[in-house]
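The block underneath contains the structure these notes are about, expressed in structure tokens.
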Amino acid sequence: MNASAPDPHLSMVRPVEPRTPEGCEECLRLGSTWVHLRVCLTCGQVGCCDSSPHRHARGHADEAGHPIVASIEPGEDWRWCFVDEALV
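At the far end of the sequence shown sits residue 223, using the numbering used here, and the numbering has no gaps.
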């Protein structure tokens with residue numbers, strides 16, 4: 136991808152609210168733990184990061200086809216595209 140071109144997946148970003156701001160949706164259901172939280176910017180699903188045991192944010196991106204997440208960790212303000220493996 137051309138570094139100066141905007142990520143084409145940004146068109147999938149919607150105004151969302153985290154569905155489970157208290158934690159990773161799947162980890163809460165499983166009774167599991169996570170390291171950091173990410174929110175899907177297409178549907179608001181909260182998933183755990185790639186450093187977490189289950190990597191639910193990446194799994195959701197793969198299964199749902201929702202490529203871009205944002206960190207919802209305090210003090211962090213960034214977005215990541217799983218398709219392009221890049222900050223957007």
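Every residue gets a Cβ at the ideal spot worked out from N, C-alpha and C, and that includes glycine.
The beta-carbon distance between residue 159 and residue 182, rounded to whole angstroms, is 6 Å. This is short enough to meet the 8 Å contact definition.
Where residue 163 is concerned, the enclosing alpha helix (DSSP H) starts and stops at 160 to 165. With distances taken between CA atoms, residue 190 lies nearest to 173 out of 177, 200, 205, 173. Rounded to whole angstroms, residue 202 and residue 188 show a C-alpha spacing of 20 Å. The straight-line gap separating the alpha-carbon atoms of residue 162 and residue 193 is approximately 13 Å. For residue 182, DSSP records a beta bridge to 173. Assigned with DSSP and collapsed to three states, residue 214 falls in strand. In the DSSP assignment, residue 205 falls within the unbroken beta strand (DSSP E) covering 203 to 206.
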